[in-house]
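Undergrad: Okay, handing you the structure first.
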């Protein structure tokens, strides 16, 4: 909740007759001169001097109601809340109807001192006066909601046991705005190296220990470089920099062969002539959230988002809307790799005071649900810092200046990085990741290959791209869905994998794969001597049936594309079963399933002459039939090149 202080002309009202107090019009010449001097100090921005003048004036004229109101207002501006509270109470004792706004300002002073019940009482009195302007009504209702929330939150604290990160990261300088790659190996963050300079630092986790934080010299400049957001694979980064123009803009950098390349300043319309900072990359790198003061927002600082086009350019940024953004400030977005949970800081939603931490979840229709305050004591009456959450959703990292040493200079601040176990209701959906190396099956040479992950329940692409120069890729997979992976390269047989995550109730271990692609055979291929089989791991049938499931479509289309790219090739499709049931029935079922695949390809433009099929039943197992896992491997569809 931001401190909202009324201006003096609004605060003061017309003098009444017959009162037991003094107003401006009742002052003698000397007192009136003192009052004018105080007003001159205020106009010059010299609030402390004005308070001192008013102290002397009120010692001589303790019933001067306008003086008490003016001084209390100044104390509120200077965050001297106890003094502000006392001043407003004195004015209201002199006349409870003279300045109705004093009830609202008194409630502000009480709220900032965690006197939530008193704040609620005085806000309700303020509403009852019937003299609340519409603009002030909105602010007062927001303050009342925050006071109600804070009072309840303190009575119902959430689990919170923060621990500082080690001295290899936290130093006598401020550390804040953290980010981490998907597997938790690298932590990047901002360090204020001087009162006027910020740099990006990086630390690598070695076993369970964080190594020394080092400045990322390849990206740091003499200007402010801050708020890094690391990609899931740790090989790309968005960050903010203020150059010679003095404005913060967004930049994007990539690693090649282990070296950070020169960053690119993102062009318009992402960057404007105003303030763009605190970027947050989605796990697939195609969504970028950030903070901006550009036109079209709801407050001074709003959260915005832009998506990457297939050609690498960025679309016009879109405001996240009034469910997230408020007339006050929102900052520090973090979009969890589950693809649906947003964490951010806000002053405008009901909270404990100042910046609080919130989460919001995407609904199935793509709109945002109502933000959820993370609760007390994660949030306090002070400013809370930026928060990120681990891939499994169980561990949070954040920056705060409320828990650590206080001996640092006010000019530098004292923020440090902390970690804590995030309580279940505030967790995102857990996710895992696939990290793989693609290489030539014969030479073991790393390959640049195309990869595509598909959500099997919707047949929509989850993520696609290319392996890097080392043949590697890392892709995050949110739990609760099943995925197909197809890896392909011209001149090679494609490879598929299946990741069944829809039925898992707990996080699975990350997938570490070596994928070997076999070249398309050039010679010595025939029906009698076919190529080695390629298993179609994402072709599925209804139980005991040859009816293809819809989840099979992406894989079948991949096979169709392969045949279109290799028009001289012919294949034979083989069906296999486990040993459950009668042998004759299994043989018939396997042949019917192979034929179903052949019929799909033929009906989608592949010449049937190029397509053979055969069922082997249970006669060619590739694993034991004594376990469910082995039987699942034996129930398979594959193809061989025969021409």
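In our numbering, the protein residues as written are 518 to 1160.
A virtual CB, placed ideally from N, CA and C, is assigned to each residue, including glycine.
#1: Return the chain-ordered list of same chain residues with a C-beta closer than 7 Å to the C-beta of residue 1153, the five sequence neighbours on each side being excluded.
#2: Does DSSP put residue 593 in a helix, in a strand, or in coil?
#3: Would you identify the three-state DSSP class for residue 833, choosing helix, strand or coil?
#4: When DSSP builds the beta bridges, which residues end up paired with residue 1122?
#5: Smallest Cα separation from residue 477: which of 677, 803, 1126?
#6: Does the segment 894-903 come into contact with the segment 663-677, if we say contact requires no fewer than three beta-carbon pairs (one atom in each stretch) closer than 8 Å?
#7: My output table needs one value for residue 538: the three-state DSSP class, helix, strand or coil.
#8: Going by DSSP, what residues sit across from residue 723 in a beta bridge?
#9: For residue 754, count neighbouring Cβ atoms within 10 angstroms of its own Cβ and tell me buried if that reaches 16, exposed if not.
#10: Would you decide whether residue 869 is buried or exposed? Buried here means 16 or more other CB atoms lie within 10 Å of its CB.
#11: In the DSSP assignment, what residue or residues form a beta bridge with residue 967?
#12: Going by alpha carbons, who is nearest to residue 732 out of 706, 723, 608?
#13: Which term fits residue 519, buried or exposed, when burial requires 16 or more other beta carbons within 10 angstroms of its beta carbon?
#14: Hey, out of 1103, 902, 662, whose CA is closest to residue 920's CA?
#15: Start and end of the beta strand (DSSP E) containing residue 1086?
#16: With burial defined as no fewer than 16 other Cβ atoms inside 10 Å of the residue's Cβ, what is the status of residue 1121: buried or exposed?
#17: Enumerate in chain order the residues of its own chain whose CB-to-CB distance from residue 682 is below 6 Å, with the five nearest sequence positions on each side excluded.
#18: So residue 798 is in the beta strand (DSSP E); what residue range does that whole segment cover?
#19: How far does the alpha helix (DSSP H) with residue 556 in it reach, from first residue to last?
#20: List the whole-angstrom C-beta distance separating residue 1072 from residue 1083, where the pair is believed to meet the contact cut-off of C-beta under 8 Å.
#21: With three or more C-beta pairs closer than 8 Å as the rule, is the segment 902-919 touching the segment 959-970?
#22: Evaluate residue 1044 with the Cβ neighbour count: other Cβ atoms within 10 Å of its Cβ, from every protein chain shown; 16 or more gives buried, anything less gives exposed.
#23: Run the CB neighbour count on residue 561, radius 10 Å, all protein chains shown included, and call it buried at 16 or more, exposed below.
#24: Would you mind stating whether residue 671 and residue 730 have Cβ atoms separated by less than 9 Å?
#25: Look at the alpha carbon of residue 955 and the alpha carbon of residue 752, and state the distance between them as a whole number of angstroms.
#26: Which of the three DSSP states, helix, strand or coil, is assigned to residue 716?
#27: My output table needs one value for residue 565: the three-state DSSP class, helix, strand or coil.
#28: Can the beta-carbon of residue 948 be found closer than 9 Å to that of residue 881?
#29: Based on Cα-Cα distance, which residue from 1042, 756, 763 lies nearest to residue 780?
#30: Between the Cα of residue 603 and those of 589, 615, 1007, spot the shortest distance and give me the residue it belongs to.
#31: For the alpha helix (DSSP H) that residue 1035 lies in, which residues bound it at each end?
#32: Please classify residue 1132 as buried or exposed, where buried requires at least 16 other C-beta atoms within 10 Å of its C-beta.
#33: Buried or exposed: residue 601, going by 16 or more other Cβ atoms within 10 Å of its Cβ?
#34: Three or more beta-carbon pairs under 8 Å between the segment 1107-1114 and the segment 1125-1143, yes or no?
#35: Taking the alpha carbon of residue 818 as the point to measure from, which residue in 828, 829, 806, 824 has its own alpha carbon closest?
#36: Consult DSSP for residue 807 and reduce its assignment to one of helix, strand or coil.
TA: By the coordinates alone:
#1: By 1-based counting over the chain shown, the position of residue 1153 is 636. 1052, 1093, listed in sequence order.
#2: Numbered from 1 along the chain shown, position 76 holds the residue referred to as residue 593. DSSP places residue 593 in helix when its eight states are reduced to three.
#3: For this step, residue 833 is matched to residue 316 along the chain shown. Coil at residue 833, not helix or strand.
#4: Indexing the chain shown from 1 puts residue 1122 at position 605. Answer is none; residue 1122 lacks a bridge partner.
#5: In the structure as shown, the chain begins at 518 and stops at 1160. Residue 477 is therefore absent and cannot be evaluated.
#6: yes
#7: On the chain shown, position 21 is the one that residue 538 refers to. Here residue 538 sits in coil by DSSP.
#8: The sequence position of residue 723 within the chain shown is 206, counting from 1. Its beta-bridge partners are 726.
#9: For the purposes of this step, residue 754 is taken as residue 237 along the chain shown, with counting starting at 1. Its Cβ being crowded by 16 or more others within 10 Å, residue 754 is buried.
#10: Residue numbering aside, residue 869 sits at position 352 when the chain shown is read from its first letter. Flag for residue 869 reads buried.
#11: Position 450 of the chain shown, counted from the start, is the residue given in the question as residue 967. DSSP lists 983, 1005 as partners of residue 967.
#12: In the chain shown, residue 732 corresponds to position 215, counting from 1. Closest by alpha carbon: 706.
#13: Here residue 519 is taken as the residue at index 2 of the chain shown, counted from 1. At residue 519, the pLDDT of 44 sits below 50, so the modelled position is not reliable and the matter cannot be decided from this model.
#14: The residue given as residue 920 occupies position 403 in the chain shown. The shortest Cα separation from residue 920 among 1103, 902, 662 belongs to 902.
#15: Translated into the one-based positions of the chain shown, residue 1086 becomes position 569. Unbroken run through residue 1086: none, as it is neither H nor E.
#16: Reading the chain shown from its first residue, position 604 is the one you call residue 1121. Result: exposed.
#17: Here the question's residue 682 lines up with position 165 in the chain shown. Answer for residue 682: 934, listed in chain order.
#18: Here the question's residue 798 lines up with position 281 in the chain shown. First-last of the beta strand (DSSP E) with residue 798: 793-798.
#19: Here residue 556 refers to the residue found at position 39 when the chain shown is read from its first residue. From DSSP, the alpha helix (DSSP H) with residue 556 extends over 546-560.
#20: The sequence position of residue 1072 within the chain shown is 555, counting from 1. The sequence position of residue 1083 within the chain shown is 566, counting from 1. So it is not a contact: roughly 17 Å between Cβ atoms.
#21: no
#22: Locating residue 1044 in the chain shown gives position 527, counting from the first residue. Exposed.
#23: To locate residue 561, count along the chain shown from 1; it is residue 44. Burial call: exposed.
#24: Residue 671 sits at position 154 when you count from the first residue of the chain shown. Residue 730 sits at position 213 when you count from the first residue of the chain shown. Taking 9 Å as the Cβ cut-off, residue 671 and residue 730 do not qualify as a contacting pair.
#25: What you label residue 955 is simply residue 438 of the chain shown in a count that begins at 1. What you label residue 752 is simply residue 235 of the chain shown in a count that begins at 1. Looking at the two C-alpha atoms, the distance is approximately 17 Å.
#26: For the purposes of this step, residue 716 is identified with residue 199 of the chain shown, where counting begins at 1. Strand at residue 716.
#27: Locating residue 565 in the chain shown gives position 48, where the first residue counts as 1. In the structure shown, residue 565 sits in a helix (DSSP, three-state: H, G or I).
#28: Position 431 of the chain shown, counted from the start, is the residue given in the question as residue 948. Position 364 of the chain shown, counted from the start, is the residue given in the question as residue 881. Going by C-beta atoms, residue 948 is not nearer than 9 Å to residue 881.
#29: Residue numbering aside, residue 780 sits at position 263 when the chain shown is read from its first letter. Taking only the C-alpha atoms, the option nearest residue 780 is 756.
#30: Against the chain shown, residue 603 aligns to sequence position 86. For the residues 589, 615, 1007, the minimum Cα distance to residue 603 belongs to 589.
#31: The residue you call residue 1035 lines up with position 518 of the chain shown. No alpha helix (DSSP H) contains residue 1035, which DSSP labels as neither H nor E.
#32: Walking along the chain shown from the start, residue 1132 turns up at place 615. Looking at its Cβ environment, which holds 16 or more other Cβ atoms inside 10 Å, residue 1132 is buried.
#33: On the chain shown, residue 601 is found 84 positions in, with the first residue counted as 1. Buried, since its Cβ has 16 or more Cβ neighbours within 10 Å.
#34: yes
#35: Sequence index remark: in the chain shown, residue 818 carries index 301 (1-based). Taking only the C-alpha atoms, the option nearest residue 818 is 806.
#36: Reading the chain shown from its first residue, position 290 is the one you call residue 807. In this structure, residue 807 counts as strand in the three-state DSSP scheme.
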